[in-house]
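Chains A and B, in that order, give the protein sequences. Quick note, the first sequence lines up with residues 1 to 314 if you use our numbering. Quick note, the second sequence lines up with residues 1001 to 1314 if you use our numbering. Cβ atoms here follow ideal geometry from the backbone N, Cα and C, with glycine treated the same way. Structure, as structure tokens:
2 protein chains.
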Amino acid sequence: MDTSAEKTPVRLAIVGLGKIARDQHLPAIAATPGFTVAAVASRNAALDGVPHFPTIEALLEGAPDVEAVALCTPPQVRRAQAAAALAAGKHVLLEKPPGATVGELAPLAAAATASGRTLFATWHSRFAAAVEPARAFLAEHAVRSVTITWKEDVRVWHPGQGWIWEPGGLGVFDPGINALSILTRILPRPVFLTAAELSFPANRQAPIAADLNFTDEAGTPIRAEFDFRQTGPQSWDIRVVTDDGVLTLSHGGARLDHDGRSLVDGTDAEYTGIYRHFAGLIARGASDVDALPLSLVADAFLLGRRRSVEPFED
Amino acid sequence: MDTSAEKTPVRLAIVGLGKIARDQHLPAIAATPGFTVAAVASRNAALDGVPHFPTIEALLEGAPDVEAVALCTPPQVRRAQAAAALAAGKHVLLEKPPGATVGELAPLAAAATASGRTLFATWHSRFAAAVEPARAFLAEHAVRSVTITWKEDVRVWHPGQGWIWEPGGLGVFDPGINALSILTRILPRPVFLTAAELSFPANRQAPIAADLNFTDEAGTPIRAEFDFRQTGPQSWDIRVVTDDGVLTLSHGGARLDHDGRSLVDGTDAEYTGIYRHFAGLIARGASDVDALPLSLVADAFLLGRRRSVEPFED
């Protein structure tokens, strides 16, 4: 059967050609049938052989055959870019977090619905190999407690990314929200915050560490420690004590152990999963916008006790 | 026609007999057919001739014929009280803000639905006399800009209310959220935050002043100034420039002027409106839980630039 007509790749533009676009998006797009990189918008960076524009407005004007955009810019500027792209009839993929506020997402989702275009607010960690197996396990077992340990060296993972310390940049919640995106996917019941302590460097507008307590209607204790000051071994682990042993997601959700026995030992395929899902959403004319992880972070800023800690210099 | 059977008043308990309960709830309940105060739970205060309990747990145990509870306690403790009351089969009215986080509301609403009980997250300012007339006007006219000025003297309105300065107490957003509850009711389009500056007293965990910029999909400029340090004249005003003159809600939404001509000059009847609505919800077996004003405040804490200002001593 010849289905080549259906297989014409979607002409995709990358907006914001920074670290995440180069490290993750470009390799994943290259590995995913269904997309071709047709243009780039970036103030400073360019891609050999691909039409380049300094801004998304110039791109929308100058490359009208682009069908979809992947917004890899900092969250503070993403809403306006997404609104412009949707207004121009493009499908839109948002890097995480999907924006600078929770409130901006509902109007964007409504605009996508009204224009018949796809809006996909991605949570890359939900595509890690162990997440769906963990979800399936927890659907069948009672959860006794959860401990999240998400500690990394900001100098290694976010070199020179000043936006992360600005209002809306989330600080340590930029990685921490990955853990929350997994947590809210694998647990059968909604969780909510009960207490938080946020450590702000004296010279910064975003926290460098956070201790969070969540629970659910059953009173399950759920504890999270986020820290950007980790040197040496890095930790991206979620430990779930159940009525049938301990489930441990490690390496950001790539690996799953049950009482020490390995169930999943995956390689990093998060972004190929993202682009496969994006292709499916476009084909179905659907959107996928889940604000919940960002809303939990907003709650942490709302309820969190603030302490001032030593200044952070990049 | 004898409808006395339908008119049996709902046996209501007040939980938290503080300033708001005495100033607003008790007079409104006395003025509203359909409710009778059957019990009080309060650590320190009591009401002559009404059964008294030290905690809501003791009340639920000791006054099983109570049918509904009004939670007038600080927001930080309200979720657990609401969950306990719903689990005991009571209807629940929440003072504003409805809780300490946005995330805690969805499970409460689900519990109310599951138990067939009413959960009513009140926003008293939405019952001010000019709010519905303003909404009707704005449904028919284009909005050019909105300016909110919400400035009051915290020492007058919140004497000794230490909880307001604690995490989850909201500081100046405790009154400011009233303005946001009106704004989100009267505007035809959803609004979202684009920038915020929050002034935190050096010795407090909640802001004493806030400058907020909102907009909507049409790009309407919406500005709000909240300040707890106002002495002299107090301001609770919302000014809306439209394609047909200027609409001004003043006195917290009790009065409405159109280009200087008075359209509404209401007296304070917010809490009687609340209890009439609560009675209607109970009669219909419905709930009313709108988290949006609190979500906008959470966004302000998430995105807001923080500045430290002089310590506040009560």
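Quiz prompt | Contact list for the stretch 1197 to 1214 of chain B against chain A, Cβ threshold 7 angstroms | solution = Gln1205
Exercise. Answer with yes or no whether the minimum CB distance from A/Val246 to chain B is below 8 angstroms.
Key: In the first sequence, the residue the question calls residue 246 of chain A occupies position 246. No, A/Val246 does not count as interfacial toward chain B.
Quiz item: So with Cβ pairs under 8 angstroms, would you call A/Gly304 a contact of chain B?
Solution: For the purposes of this step, residue 304 of chain A is taken as the residue at position 304 of the first sequence. It does; some Cβ of chain B falls within 8 angstroms.
Quiz item: In angstroms, rounded to a whole number, what distance separates the CA positions of B/Val1010 and B/Ala1136?
Solution: Residue 1010 of chain B sits at position 10 when you count from the first residue of the second sequence. Residue 1136 of chain B sits at position 136 when you count from the first residue of the second sequence. One C-alpha to the other measures close to 32 angstroms.
Exercise. Assign B/Ser1042 to one of three DSSP states: helix, strand, or coil.
Key: The sequence position of residue 1042 of chain B within the second sequence is 42, counting from 1. Residue state, collapsed to three classes: coil.
Exercise. Could you tell me whether any Cβ in chain A is nearer than 8 angstroms to the Cβ of B/Phe1226?
Key: Residue numbering aside, residue 1226 of chain B sits at position 226 when the second sequence is read from its first letter. By this cut-off, B/Phe1226 is not an interface position.
Practice problem: Starting from the Cα of B/Ile1056, find the closest Cα among B/Ala1045, B/Ala1046, B/Val1069 and give me that residue. | Solution: To locate residue 1056 of chain B, count along the second sequence from 1; it is residue 56. Nearest of B/Ala1045, B/Ala1046, B/Val1069 to B/Ile1056, Cα basis: B/Val1069.
Exercise. Spell out whether any CB of chain B is found under 8 angstroms from the CB atom of A/Thr101.
Key: Walking along the first sequence from the start, residue 101 of chain A turns up at place 101. Closer than 8 angstroms: yes.
Quiz item: Mind pulling the chain B residues with CB within less than 8 angstroms of A/Ala398?
Solution: Lying outside 1 to 314, the shown extent of chain A, residue 398 of chain A is not represented and no answer is given.
Quiz item: Does DSSP put A/Gly18 in a helix, in a strand, or in coil?
Solution: Locating residue 18 of chain A in the first sequence gives position 18, counting from the first residue. DSSP places A/Gly18 in coil when its eight states are reduced to three.
Exercise. Please name the residue, chosen from B/Thr1231, B/Gln1230, B/His1251, that lies closest to B/Ile1238 on a Cα-to-Cα basis.
Key: Along the second sequence, one-based indexing puts residue 1238 of chain B at 238. Of the candidates B/Thr1231, B/Gln1230, B/His1251, the one whose C-alpha sits nearest the C-alpha of B/Ile1238 is B/His1251.
Practice problem: Can you check the stretch 1237 to 1290 of chain B for any beta strand (DSSP E) of at least 3 residues that lies completely inside it and give the ranges in chain order? | Solution: 1245 to 1250, 1255 to 1258, 1261 to 1265
Practice problem: Evaluate A/Ala85 with the Cβ neighbour count: other Cβ atoms within 10 Å of its Cβ, from every protein chain shown; 16 or more gives buried, anything less gives exposed. | Solution: Within the first sequence, numbered from 1, the residue matching residue 85 of chain A stands at position 85. So A/Ala85 ends up on the buried side.
Quiz item: Helix or strand or just coil, what does DSSP make of A/Leu354?
Solution: With chain A represented from 1 up to 314, any question about residue 354 of chain A goes unanswered, as that position is not in the structure.
Quiz item: Nearest to B/Glu1166 by alpha carbon, out of A/Val309, A/Asp211, A/Ala28, A/Leu303?
Solution: In the second sequence, the residue the question calls residue 1166 of chain B occupies position 166. Closest by alpha carbon: A/Leu303.
Practice problem: Find the nearest neighbour of B/Ile1177 within the set B/Phe1226, B/Pro1188, B/Thr1215, B/Ala1058, judged by alpha-carbon distance. | Solution: By one-based count along the second sequence, residue 1177 of chain B stands at place 177. Closest by alpha carbon: B/Phe1226.
Practice problem: Quick one: list the residues of chain B neighbouring A/Leu94, beta-carbon separation under 7 angstroms, in chain order. | Solution: Reading the first sequence from its first residue, position 94 is the one you call residue 94 of chain A. Here the premise fails: no neighbours, minimum Cβ distance about 15 angstroms.
Self-check item: A/Gln24 to A/Arg261 span [Cα, whole Å]
Solution: Working through the first sequence from its first residue, we reach residue 24 of chain A at position 24. Working through the first sequence from its first residue, we reach residue 261 of chain A at position 261. So the two alpha carbons sit approximately 30 angstroms from each other.
Quiz item: Does any residue of chain A bring its CB to less than 8 angstroms from the CB of B/Ala1030?
Solution: Reading the second sequence from its first residue, position 30 is the one you call residue 1030 of chain B. Not one chain A Cβ lies under 8 angstroms of B/Ala1030.
Quiz prompt | Nearest candidate by alpha-carbon position, reference B/Val1146, set B/Glu1104, B/Gly1280, B/Gly1219, B/Trp1123 | solution = By 1-based counting over the second sequence, the position of residue 1146 of chain B is 146. Of the listed residues, the one whose Cα sits closest to B/Val1146 is B/Gly1219.
Practice problem: Indicate whether at least one CB of chain B lies closer than 8 angstroms to the CB of A/Leu193. | Solution: Here residue 193 of chain A corresponds to residue number 193 of the first sequence, with the count starting at 1. Yes - at least one Cβ of chain B is within 8 angstroms of the one on A/Leu193.
Quiz item: Under a Cβ-count criterion, where at least 16 other Cβ atoms within 10 Å of its own Cβ denotes burial, should B/Ser1199 be classed as buried or exposed?
Solution: To locate residue 1199 of chain B, count along the second sequence from 1; it is residue 199. Per the 10 Å Cβ criterion, buried.
Exercise. Identify, in the order they occur along the chain, each residue of the same chain with its Cβ nearer than 8 angstroms to the Cβ of B/Thr988, setting aside the five sequence neighbours on each side.
Key: Absent from the structure is residue 988 of chain B, since the part of chain B shown begins at 1001 and ends at 1314.
Quiz prompt | Within 9 angstroms of chain A by C-beta, residues of the stretch 1247 to 1277 of chain B in sequence order | solution = none
Quiz item: Pick from B/Thr1149, B/Leu1249, B/Thr1267: whose alpha carbon is nearest that of B/Asp1211?
Solution: For the purposes of this step, residue 1211 of chain B is taken as the residue at position 211 of the second sequence. Checked all of B/Thr1149, B/Leu1249, B/Thr1267; the closest Cα to B/Asp1211 is B/Thr1149.
Quiz item: A/Thr113 and A/Leu94: beta carbons closer than 8 angstroms?
Solution: What you label residue 113 of chain A is simply residue 113 of the first sequence in a count that begins at 1. What you label residue 94 of chain A is simply residue 94 of the first sequence in a count that begins at 1. Against a cut-off of 8 angstroms, the Cβ pair of A/Leu94 and A/Thr113 comes out as no contact.
Quiz item: Are the CB atoms of A/Ala13 and A/Leu59 nearer to each other than 8 angstroms?
Solution: Sequence index remark: in the first sequence, residue 13 of chain A carries index 13 (1-based). Sequence index remark: in the first sequence, residue 59 of chain A carries index 59 (1-based). Contact flag set, yes.
Quiz item: Between which two residues does the beta strand (DSSP E) carrying A/Asp227 extend?
Solution: Numbered from its first residue, the first sequence carries residue 227 of chain A at position 227. Counting along the chain, the beta strand (DSSP E) containing A/Asp227 begins and ends at 222 to 227.
Self-check item: Neighbour-count burial assignment, A/Ala5, 16 or more Cβ in a 10 Å radius
Solution: Start at 1 with the first residue of the first sequence, and residue 5 of chain A comes out as number 5. For A/Ala5, the predicted structure reports a pLDDT of 44, less than 50, and the residue's modelled location is therefore unreliable. The matter cannot be settled from this model.
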